[in-house]
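To keep things clear, I will list the structure first and then write my remarks on it.
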Amino acid sequence: MSLHSSLIAQGRWYYTVTVATAGIGAWIPFVHASSRLNEPGLRRNAVAYGAGALVLLGLSAVTPTDANGDPQGTFGGVLSTVMAILAIVMIVMACLQLRAPRQAVYPAPYHPHQGFVDPAVGNALAARNRRDEARRLVASDPSLARELIIGRPDYKRTYHDGGLIDLNNAPRGTLTSFLGITDEAAGRIVAQRELLSRGFSSIEEAIVFSDQTGADADILRDRGVLLPR
Numbered sequence: 002m003s004l005h006s007s008l009i010a011q012g013r014w015y016y017t018v019t020v021a022t023a024g025i026g027a028w029i030p031f032v033h034a035s036s037r038l039n040e041p042g043l044r045r046n047a048v049a050y051g052a053g054a055l056v057l058l059g060l061s062a063v064t065p066t067d068a069n070g071d072p073q074g075t076f077g078g079v080l081s082t083v084m085a086i087l088a089i090v091m092i093v094m095a096c097l098q099l100r101a102p103r104q105a106v107y108p109a110p111y112h113p114h115q116g117f118v119d120p121a122v123g124n125a126l127a128a129r130n131r132r133d134e135a136r137r138l139v140a141s142d143p144s145l146a147r148e149l150i151i152g153r154p155d156y157k158r159t160y161h162d163g164g165l166i167d168l169n170n171a172p173r174g175t176l177t178s179f180l181g182i183t184d185e186a187a188g189r190i191v192a193q194r195e196l197l198s199r200g201f202s203s204i205e206e207a208i209v210f211s212d213q214t215g216a217d218a219d220i221l222r223d224r225g226v227l228l229p230r
């Protein structure tokens, strides 16, 4: 596997920059992800880690050192320890917070089997992969999923979720138009979710409560997603 494939194309450079710079460069991946996804939360993270980098650099500048560059005296030892702890915290937190945006910016590529693959089949499988990826985002980072407007094709957005529909929040017309179910079936979904303060807790609950059967139930399992209300 080439360096470009392993680090650049798959987005692993996010972690490399963060770790190699001892947390000082942790803001860089967030700036990159924000420029691709246009998410305010990522911009806030970039500012926070940028501020952390300035603190680390400031502590480094005021830490007294000897001729060999080692911390000098009790004060120097304390500042050195504080810097080490802050750097470790920034590295760990940044790596955890970068998982979801890295997956969004660098989605796993679809690799068809050898031989001819009908373009329609390839597109359908690619969309399925995107739905799986988007569902993982919803499960791991609901706030980011909401910022990406996953499951709401009735809004203008840049993130491709593979055609998911948010059964907890999408309006009745969107359920009908994008899922291909009848207006009556969509109405039952809307009516039942309004009875639940937090909406449906699972796709199967949505299917059972709204009395969906046959093809409509299969569509909800394939295309449905649930974001908090």
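Just so you know, my numbering puts 92 at position 91 of the sequence shown, and the rest follows in order with no gaps.
Virtual Cβ for every residue (Gly too), placed ideally from N, Cα, C.
No experiment lies behind these values; they were computed from the predicted model shown.
Smallest Cα separation from residue i: which of the options?
{"i": "residue 28", "options": "62, 99 and 121", "result": "99"}
{"i": "residue 26", "options": "93, 77 and 39", "result": "93"}
{"i": "residue 136", "options": "160, 95, 121 and 181", "result": "160"}
{"i": "residue 35", "options": "79, 183 and 107", "result": "107"}
{"i": "residue 200", "options": "182, 187 and 168", "result": "168"}
{"i": "residue 49", "options": "61, 37, 59 and 32", "result": "32"}
{"i": "residue 155", "options": "172, 229 and 210", "result": "172"}
{"i": "residue 87", "options": "57, 174, 73 and 102", "result": "57"}
{"i": "residue 224", "options": "151, 195, 198 and 97", "result": "151"}
{"i": "residue 163", "options": "140, 134, 141 and 210", "result": "134"}
{"i": "residue 186", "options": "209, 179, 213 and 165", "result": "213"}
Looking at the strands, I want to know which residues DSSP matches up with residue i.
{"i": "residue 151", "result": "BP columns for residue 151 are empty, so no partner."}
{"i": "residue 225", "result": "166"}
Where does residue i land, buried or exposed, given buried means 16+ other C-beta within 10 angstroms?
{"i": "residue 12", "result": "buried"}
{"i": "residue 123", "result": "exposed"}
{"i": "residue 69", "result": "exposed"}
{"i": "residue 40", "result": "buried"}
{"i": "residue 174", "result": "exposed"}
{"i": "residue 183", "result": "exposed"}
{"i": "residue 189", "result": "buried"}
{"i": "residue 228", "result": "buried"}
{"i": "residue 219", "result": "exposed"}
{"i": "residue 226", "result": "buried"}
{"i": "residue 71", "result": "exposed"}
{"i": "residue 180", "result": "buried"}
{"i": "residue 119", "result": "exposed"}
Rounded C-beta distance between residue i and residue j? I'm assuming under 8 angstroms.
{"i": "residue 38", "j": "residue 105", "result": "6 angstroms"}
{"i": "residue 53", "j": "residue 65", "result": "22 angstroms between Cβ atoms; not a contact."}
{"i": "residue 30", "j": "residue 19", "result": "7 angstroms"}
{"i": "residue 126", "j": "residue 42", "result": "The pair is not a contact, with the Cβ atoms about 31 angstroms apart (cut-off 8 angstroms)."}
Fully enclosed by the stretch 59–131, which beta strand (DSSP E) runs are 3 residues long or longer?
Runs of the beta strand (DSSP E) lying entirely within the stretch 59–131 and spanning at least 3 residues: none are present.
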